[in-house]
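Undergrad:
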Amino acid sequence: MSISGPNDVPNGVPIDERSDVQSDAALVALRGLDKRFKSGTLALENLDLTVRGGEFLSLLGPSGCGKSTILRLIAGLEAPSRGAVTWRARAAAKDVKKDIGFVFQEPTLMPWASVFDNVYLPLRLNGQSRRAARPAIEAMLGLVGLASFAAAFPRELSGGMRMRVSIARALVLKPSLLLMDEPFAALDEITRWRLNDDLLRLKQELGTTIVFVTHSVYESVYLSSRIAVMAARPGRIVAEIAVDAPLPRGKTFRQSPIYESGCARAAEALESAMPGETTA
Amino acid sequence: MNGVLRRYGPPAAVLAALLALWEAIVRLAEIPDYLLPAPSVILATIVSDRETLFGSLVVTLTITLEALACALLGGVGIAILFAEWKWIERSLLPIAIALQVTPIIAIAPLLLVYLQAQTAVLVSAFLVAFFPILANTALGLASAERNLVDLFALYGASRWQTLRLLQIPAALPYFFGGLKIGGGLALVGAIVAELAAGASGQGIGLAYRIVEAGNRLNIPRMFAALALISLTGIAIFVALAGLSRLALRRWHESAVDREN
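Quick look at the structure:
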């Protein structure tokens, strides 16, 4: 590895003292969180959520349940109306902001910059020269399979490739935590499956903890080690489902009983979380 | 080659046909030059009066380009101030709009009271070119994608970094749109002020040549000067459009050549 992230966590296994009492290995803890928007809408109510180091946590829920808001709160892009977001002691001592990667629903690339320059952005804002950053950028582009596209411009790439650039950019600083907001929702099914597998491979190689927002039951079960199912109005967590299967996962996992039962449980939890459909 | 022909062929053909029609009507109806000169006569006048006309062309073009340069610097500079400090925008925008909506033809005589003729022409060209550049650039600076703005915040980017790496590149297509409009308007502003200034200027521009030739009933020269003004405007537009294409060709939809 040519660069080291601000917070090296080998294989995502935390090596600090256990600072959070309620859960060992907590990376980020959200406690008693309310988020009320200016419009008065209560987006989240009394939310408790712990992100454990090394896990793949999916937030699964209907539109408007505050999934994305949780990511924005963790990233510090918004402040909670009540409650607190606390980071593991070791991470909190550093600049927390730079220890997070964020992938939006759209690739959100700068159209005027090449693939290389888009991935260079976090390093550039971190004060690194182009020269010093080059090895890290090339290594990351290799990891997402875009080594030969460094000079291309976003508009010359397919949707899936753009999303790979976006992921490379989010991971180039080797953050401990990667936040992803429905990143594959706009892609076709095959591309989506490929990117799912690539994401799990990257996670294994880099040891990144991932919080992944989706409204697809199948995607959440395929990717996650844990799923938090959410309900809307106000947004809250109604169920937690563990998916206990090792990485890498592949076609065989899609046919395994663990996958099937995971999907069934997640679907059931999601259904009971949807208003109006079940008993009033 | 084929593409060039398909692109420029039709407008060139239409233009040639119109000129030919004009020429034919004037000749067949035997309309005298002092009523309506034929295109060939206008061209001949441009050639024969070239010293006077091109001297005036240089005067008008110089002032127009100077005014455009000032408008560019001023418009972009103030747009950046607007983007960085909203209170500056709130306090200055009404004045900028007031200057924009007051017809330049009404302001020009007033400018001539206080300023030397040439300076008045420059200021008047600047005033009309300035606003579209300011308004478009300000819009562009505020139009950076929300998520990218968030991303910059996430990585702790400074205001300067956000401006330089995100807002300014995002504003470029808007800026060029404003520049193309401003380029045409700068010429209009210069011509209007030249007309209002009359003979009082030391350097005599193309607009005054029109007035002068009109007074002498030299109609072909009026048309010749008009043709030169028109060509100047076209040249400015083509140059700015080319600049815009060059700057945006790698990434912006407006400048990208579609394959097949």
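Which chain is which? The protein sequence lines are A and B, in order.
So for the first sequence, my numbering puts the first residue at -7; every next one is plus one.
So for the second sequence, my numbering puts the first residue at 20; every next one is plus one.
All C-beta atoms, glycine included, are put in the ideal place defined by N, C-alpha and C.
Does the region 222 to 240 of chain B come within contact of the region 59 to 78 of chain B, defined as at least 3 CB pairs closer than 8 Å?
TA: yes
Undergrad: Please state whether the Cβ-Cβ distance between I229(A) and L169(A) is less than 8 Å.
TA: Cβ atoms of I229(A) and L169(A): not closer than 8 Å.
Undergrad: On a CA-only basis, which of R186(A), R147(A), V95(A), L133(A) is nearest D304(B)? Give me that one, please.
TA: Any property of residue 304(B) remains undetermined from this structure, which presents chain B solely from 20 to 279.
Undergrad: Spatial neighbours of T181(B) within its chain, please: C-beta separation below 6 Å, excluding the five flanking residues on both sides.
TA: F171
Undergrad: Do you know whose CA, among E37(A), L65(A), E260(A), lies nearest V43(A)'s CA?
TA: L65(A)
Undergrad: Could you confirm whether any beta carbon from chain A is found closer than 8 Å to the beta carbon of N166(B)?
TA: yes
Undergrad: Got a sec: is the Cβ-Cβ distance from Y193(B) to anything in chain A below 8 Å?
TA: no
Undergrad: I44(B) to E231(B), Cα distance in whole Å?
TA: 27 Å
Undergrad: Check each residue of the region 96 to 127 of chain A: if its Cβ is closer than 9 Å to any Cβ of chain B, include it; give the result in chain order.
TA: Across the region 96 to 127 of chain A, CB contacts with chain B closer than 9 Å involve F96, Q97, E98, T100, L101, M102, P103, W104, A105, S106, L113, P114, R116, L117, N118, in sequence order along the chain.
Undergrad: What are the residues of the region 242 to 276 of chain B that lie near chain A, defined by any Cβ-Cβ distance shorter than 9 Å?
TA: L267, R269, W270, H271, E272, V275
Undergrad: Could you give the distance in angstroms between the alpha-carbon of E260(A) and the alpha-carbon of G53(A)?
TA: One alpha carbon belongs to E260(A), the other to G53(A), and they sit about 12 Å apart.
Undergrad: Does the separation of the CB atoms of L51(A) and M222(A) fall below 8 Å?
TA: Result yes, Cβ atoms of L51(A) and M222(A) sit closer than 8 Å.
Undergrad: Taking the Cβ atom as the reference point for each residue, do R23(A) and D40(A) lie within a distance shorter than 8 Å?
TA: yes
Undergrad: Counting contacts by CB-CB distance shorter than 8 Å, is K105(B) in contact with chain A?
TA: no
Undergrad: Would you say P188(B) reaches chain A, if we count a Cβ-Cβ gap shorter than 8 Å as a contact?
TA: yes
Undergrad: What is the DSSP secondary structure of N38(A), counted as helix, strand or coil?
TA: The answer is strand: DSSP assigns N38(A) an E or B state.
Undergrad: Only counting runs of 4 or more residues, tell me where the alpha helix (DSSP H) segments fall wholly within the region 69 to 151 of chain B, in order along the chain.
TA: Runs found: 69 to 103, 105 to 120, 123 to 133.
Undergrad: Strictly below 7 Å CB to CB, what residues from chain A border A176(B)?
TA: Residues of chain A passing the Cβ test: L117.
Undergrad: How would you list, in chain order, the residues of chain B whose beta-carbon sits under 9 Å from the beta-carbon of R147(A)?
TA: R269, W270, H271, E272, V275
Undergrad: Span of the beta strand (DSSP E) holding S60(A)?
TA: Premise fails: S60(A) lies in the alpha helix (DSSP H), 59 to 67, not in any beta strand (DSSP E).
Undergrad: Ends of the beta strand (DSSP E) at Y94(A)?
TA: According to the sequence as given, residue 94(A) is Phe; it is not Tyr. Where F94(A) is concerned, the enclosing beta strand (DSSP E) stretches over 92 to 95.
Undergrad: Short check: CB of L117(A) to CB of N110(A), under 8 Å?
TA: no
Undergrad: Skipping 5 residues on each side, what residues in its chain have a beta carbon closer than 8 Å to that of K199(B)?
TA: F256, L259, A260, S263
Undergrad: Does DSSP put M153(A) in a helix, in a strand, or in coil?
TA: helix
Undergrad: Could you tell me if E174(A) is buried or exposed, where buried requires 16 or more neighbouring beta carbons within 10 angstroms of its beta carbon?
TA: buried
Undergrad: I'd like to know whether the C-beta atoms of A161(B) and A102(B) end up nearer to each other than 8 Å.
TA: yes
Undergrad: By Cβ distance below 8 Å, which residues in the same chain neighbour V209(A) in space, the five residues on each side in sequence not counted?
TA: Excluding positions up to five away in sequence, the list reads L52, C255, A258, A259, L262.
Undergrad: Leaving aside the five residues before and after L91(B) along the sequence, list all residues of the same chain whose C-beta is less than 7 Å from its C-beta, in chain order.
TA: Closer than 7 Å at Cβ, skipping near neighbours: I152, L198.
Undergrad: Using 8 Å as the limit for Cβ to Cβ distance, is A172(B) near chain A?
TA: yes
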